[in-house]
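Residue numbers (the numbering used here), protein chains in the order written: chain W, 1 to 111; chain Z, 1 to 114.
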């Protein structure tokens with residue numbers, strides 16, 4: 001059973017547009033919410049992460065928004081570039097080692 | 001500094017054959033993990049290790065065994081491969097526990113079981 005539900009499964013955005021990926025979780029013990037970026041043929045790599053004591057974190061063009069009451073968090077990619085074309089995974093874990101990846105979102109940025 | 005490396009990159013097995021996947025890290029990390037990645041399902045944890053000589057089951061451990069005889073190496077074994085084990089396998093490592101540390105992933109091993 002998927003404890004972290006990620007949507008959409010894929011999205012196409014024009015260069016300069018905004019990509020938004022959403023994740024919803026069930027386990028209230030989760031306390032660390034990273035996003036991983038994966039390019040074809042490569043392993044995932046950490047992009048940005050947030051803890052539930054803040055509602056938003058921004059690093060360059062990437063922003064995580066976190067809504068603890070709704071048990072949701074999202075990744076916003078501003079001014080999307082063709083080099084951002086990749087698969088993005090949300091992830092949630094707790095202090096006891098319980099972890100869950102979302103199913104992934106394939107993002108395609110068109111020129 | 002090679003990070004996390006995996007051997008082999010590709011492998012094709014027949015049903016019932018056995019094989020071992022090797023993961024090596026040169027970052028002196030304590031924790032190591034094996035995941036499988038299937039379309040539409042994200043990454044699922046197979047087994048993990050919190051230190052040399054220790055292993056534990058993850059979400060989908062059936063059909064796999066692991067060993068961590070040396071801190072830098074984590075081996076994943078398939079004793080009798082099945083077509084359901086066709087997948088891309090990723091190894092990862094962290095310095096500390098999952099709730100605090102970045103996971104560093106290897107490049108993956110694509111396994112096909114016929």
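Every residue gets a Cβ at the ideal spot worked out from N, C-alpha and C, and that includes glycine.
Small disclaimer: the values here were computed from a predicted structure and weren't measured.
Task: Three-way DSSP call (helix, strand, coil) for residue 34 of chain W in this model - done: strand
Open item on the list: Taking the straight line between their C-alpha atoms, what separation do you get for residue 47 of chain Z and residue 68 of chain Z?
Closed with: 11 Å
Task: chain Z contact for residue 118 of chain W (CB, 8 Å cutoff) - done: As displayed, chain W neither begins before 1 nor continues past 111, which places residue 118 of chain W out of reach and without an answer.
Open item on the list: With three or more C-beta pairs closer than 8 Å as the rule, is the segment 48-59 of chain Z touching the segment 7-24 of chain Z?
Closed with: Not touching, per the Cβ criterion.
Open item on the list: Only counting the same chain, and skipping five residues up and downstream in sequence, which positions put a Cβ closer than 7 Å to that of residue 63 of chain Z?
Closed with: Shown here for residue 63 of chain Z: same chain residues with a beta carbon closer than 7 Å to its own, the five before and five after excluded, namely 78, 82, 85 in chain order.
Task: 3 or more residues per run - each beta strand (DSSP E) lying fully within the segment 3-85 of chain Z - done: 4-7, 10-13, 19-25, 31-38, 42-49, 65-67, 73-78
Task: Contact check, residue 89 of chain W vs residue 66 of chain W, beta carbons under 8 Å - done: no
Task: Own chain partners of residue 25 of chain W with C-beta closer than 7 Å, once the 5 adjacent residues on each side are dropped - done: 3, 4, 71, 92
TODO: Measure the beta-carbon distance from residue 20 of chain Z to residue 76 of chain Z and round it to whole angstroms, keeping in mind my assumption that it falls under 8 Å.
DONE: 7 Å
Open item on the list: On the criterion of 16 or more Cβ atoms from any shown chain inside 10 Å, does residue 44 of chain W qualify as buried, or is it exposed?
Closed with: buried
- [ ] Output, in sequence order along the chain, the residues in the segment 90-110 of chain W whose CB is closer than 7 Å to any CB in chain Z.
- [x] For the segment 90-110 of chain W, residues whose beta-carbon sits nearer than 7 Å to a beta-carbon of chain Z comprise 93, 94, 95, 97, 99, 101, 102, 103, 104.
TODO: Label residue 36 of chain Z either buried or exposed according to how many other C-beta atoms from any shown protein chain fall within 10 Å of its C-beta, with 16 as the threshold for buried.
DONE: buried
TODO: Determine the extent of the beta strand (DSSP E) in which residue 56 of chain W is found, giving its start and end residues.
DONE: 56-59
Task: Closer than 8 Å to chain Z by CB, residue 42 of chain W - done: yes
- [ ] Kindly say whether residue 75 of chain Z, judged by its beta-carbon, lies nearer than 8 Å to any beta-carbon of chain W.
- [x] no
Open item on the list: Taking the alpha carbon of residue 30 of chain W as the reference point, which residue from W:69, W:104, W:82, W:75 has its own alpha carbon closest?
Closed with: Among W:69, W:104, W:82, W:75, the Cα nearest to that of residue 30 of chain W belongs to W:69.
TODO: Run the CB neighbour count on residue 31 of chain Z, radius 10 Å, all protein chains shown included, and call it buried at 16 or more, exposed below.
DONE: buried
TODO: Taking residue 95 of chain Z and residue 4 of chain Z to be in contact with their CB atoms under 8 Å, please state how far apart those CB atoms are, rounded to whole angstroms.
DONE: In this structure residue 95 of chain Z does not touch residue 4 of chain Z by the C-beta definition: roughly 12 Å separates them, more than the 8 Å allowed.
TODO: Verify the CB distance criterion: does residue 78 of chain Z have a CB-CB separation below 8 Å to chain W?
DONE: no
Task: Residues near residue 8 of chain W in its chain [Cβ-Cβ closer than 7 Å; skip 5 each side] - done: 105
- [ ] Evaluate residue 42 of chain Z with the Cβ neighbour count: other Cβ atoms within 10 Å of its Cβ, from every protein chain shown; 16 or more gives buried, anything less gives exposed.
- [x] It counts as buried.
Task: Residues that residue 88 of chain W bridges to, as DSSP identifies them - done: Per DSSP, W:37, W:105.
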